[in-house]
Structures are given as structure tokens and as C-alpha cells.
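Step one of this worksheet: look at the structure below.
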Amino acid sequence: MEQVLFSLLQLSDTHLQAAGKRLKTGDSGAEALGQAIAKAFRTQAQFDAVILTGDLVDRGAVEEYRELEAGLRALPQGLPRYFCLGNHDAREAFTEVFGSLKDAGHSDALDTHYQYSAPLFTFKEQVVRLVVLDTLEPGKDQGRLCEQRRQWLHNTLSLYPNDRIVLVMHHLPFLTGSALFDSMVVEERRQLEEVLACFKTVERIVCGHFHRACVTQLAGIPVVVSPSTVHAYPLSYRGRQHEALVIDEPAGFTIHRFIVDAQTAYWVSHFVQQSPA
Ligand SMILES: [Fe+2]
């Protein structure tokens, strides 16, 4: 059996804009996405799936999602891709371009939010499954997991008591010590922790939003936060100073490898830095 049984490429905070537009920092989300995909396939030859963890585009506009769709054509045809929405996204505009969860055959998806689960592969008769949460609250930058979304999570985890779950969400369910981002963490993070504590099946939580790599744990579960493909923010960043923002660290992405080690197997997450533009 191969040592790397499954490779999941995580592209986060891609912040695509309409054609010809740039972010306030001067970056182009489309150029950065192209560089990230090229670097990913220089880092390793192939992947089994891709997850995009929110802030897919910058303003939630249909034309931006069309640019994202065009940029993702650089991925191999047929490579499964899974989307998660962030505070810069808009559900209606997203689904206009990428279709609804029902269209994609996610029968257990939540009707009102972009929440769904998807089996990735099987290892020793256990399904390894993504469960994707939608922490977007329109008009707000803060992450939310209302009663309805938490109940769906509880129900979904109850449906798959023997699976190995990777939980995916854009916003952070913990504080970082960075003032701006701590004002946007998931408001109901304690209630989320209570739901997770009812199950032993979630073995990794994967986030974006922070535009930096970091690691912690929630309910004893490792939480891995991917950098953004576009740019990094300094830890002291307080926002609303885009023009003065010095991007002194490279952007990046994350490769999650499911490693088989004798009779056991586990996820290992690799942070990859892109070269500065
Ligand atoms: Fe972002």
C-alpha cells in the first residue's frame, strides 16, 4: 500500500476579482491562484481532491465567481473540488456560477446554507468524509453558526458514527491574539465545541480566513489554518490600512496528506509558501 493514500490540496482566501481589477493591496487574486496551482503541482505531481476554504472572491459578485471558475480550469479535469463560503462570499452569486448543492447531488445538504458532507475515500472499511460548514452571515464579517447550522452538524455527525471526519469551515472557532481577526471568530464557538464533544469521529478541523498558517485544538481536535493564496497579514494587522500594509511574508496554501503507517493512518498537513511576487 502506498504511504500517501490521499492528498487534499487546500486553497484558501483566493479573493478573486472581476477581470482586470486588483485588490487594494495591489494583488491580483487570479494571478495568485494561478501561481498557487502551478506551485502545488511542482510540489507534488498529483492530488486526489481540492478544497477551497472561503473568501473565494472579494466582493461576492457573479463576475468574480466567473473569474474563479476560469482560474480553476488550471486544475486537472475531473479533479474533485469542494467549496466552503467565507465572509467575502455571497451564496446566491456563488450558486449562480457553480450550481447548488442539490444539483451536485449532496442529498444531506442544508437547504438554507452551504453546508454538506462528502465521502473522500475508504480506509480499512471506514469512510473518510468531509463535513463542510457555512459560517457566512450576510453583511457581517464575523463568523456565525446559528442553532439551525449547529443542529444540522449534530444530525450529520450522528448519521456517520463510523466515519473519520474532516470538518471544514472558513472562520476560526478560537482566538488568535490578533485583534482584528479575534473580532471575527465564530460567535457560537463554545456551542460548536459542545457539539464536537458529543462525537469521537472528527479528527481534524480545517479553516482559512486568517491569511496565515496556525495550529491549535478545539474539543481536543487539531485545528489547522491555511494561509491565503493572495497575501499574508502581519500578526499585528488591525485592518483598514491596505495601502500601508507591508506584505513581508509570502502567500501560500496547504497540502493535507493521509499517511498510512503500518496498521494505522493519520493526516499530516504541510504548509507551502509561494514565492513573493
Ligand atoms: Fe480572506
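According to our numbering, the sequence shown is numbered sequentially starting from 7. For glycine and all other residues, C-beta sits at the position ideal for the given N, C-alpha and C.
Query raised in the report: Just the Cα atoms here: how many angstroms apart are serine 106 and arginine 97?
Result: Each residue's alpha carbon lies about 9 angstroms from the other.
**Report entry** Unbroken stretches of the beta strand (DSSP E), 3 residues or longer, contained in the stretch 17 to 99
**Finding:** Qualifying beta strand (DSSP E) stretches, in chain order: 55 to 59, 87 to 90.
Query raised in the report: Quick one: Cα of arginine 209 to Cα of valine 56, how far?
Result: In the sequence on display, residue 209 carries glutamate and not arginine. Straight-line spacing of the CA atoms in glutamate 209 and valine 56 works out to 18 angstroms.
Query - Alpha carbon of tyrosine 239 to alpha carbon of alanine 38, nearest angstrom - result: Between the alpha carbons of tyrosine 239 and alanine 38 lies a distance of about 15 angstroms.
Query raised in the report: When the Cβ atoms of the stretch 58 to 73 are set against those of the stretch 110 to 122, are three or more pairs found closer than 8 angstroms?
Result: Cβ pair count under 8 angstroms is below three, so no.
Report task. Just the C-alpha distance for valine 10 and valine 137, rounded to the nearest angstrom, thanks. Result -> Per the coordinates, the alpha-carbon of valine 10 lies some 22 angstroms from the alpha-carbon of valine 137.
Query raised in the report: If you drop the 5 nearest sequence neighbours on each side, which residues of the same chain put their C-beta closer than 7 angstroms to that of serine 281?
Result: The residues are Pro256.
Requested in this report: Give the C-beta separation of glutamine 180 and leucine 224 to the nearest angstrom, bearing in mind that I take them to be a contact with Cβ-Cβ under 8 angstroms.
Outcome: This sequence places phenylalanine at residue 180; glutamine is not what is there. The beta-carbon separation of phenylalanine 180 and leucine 224, rounded to 6 angstroms, stays under the 8 angstroms limit for a contact.
Query raised in the report: Which term fits threonine 270, buried or exposed, when burial requires 16 or more other beta carbons within 10 angstroms of its beta carbon?
Result: By the neighbour-count rule (16 or more Cβ atoms within 10 Å), threonine 270 is not buried but exposed.
Query raised in the report: Between the stretch 10 to 26 and the stretch 41 to 57, do three or more beta carbon pairs fall short of 8 angstroms?
Result: Inter-segment contact for the stretch 10 to 26 and the stretch 41 to 57 is present: three or more beta-carbon pairs are separated by less than 8 angstroms.
Query raised in the report: Exposed or buried, proline 233, counting other C-beta atoms within 10 Å across all chains shown (16 or more means buried)?
Result: So proline 233 ends up on the buried side.
Requested in this report: Answer with buried or exposed for leucine 22, where buried requires no fewer than 16 other C-beta atoms within 10 angstroms of its C-beta.
Outcome: Per the 10 Å Cβ criterion, buried.
Query raised in the report: Can the beta-carbon of arginine 156 be found less than 7 angstroms from the beta-carbon of valine 201?
Result: Taking C-beta atoms as the reference points, arginine 156 and valine 201 count as a pair closer than 7 angstroms.
Query raised in the report: When DSSP labels each residue in this structure, what does aspartate 188 get in the three-state scheme?
Result: It is helical.
Query raised in the report: Can you name the start and end residues of the beta strand (DSSP E) that glutamine 2 belongs to?
Result: Past the boundaries of the shown model lies residue 2; the chain is included only from 7 to 283, so the question cannot be answered.
**Report entry** Neighbour-count burial assignment, arginine 79, 16 or more Cβ in a 10 Å radius
**Finding:** The residue in question, arginine 79, is exposed, as its Cβ has fewer than 16 Cβ neighbours within 10 Å.
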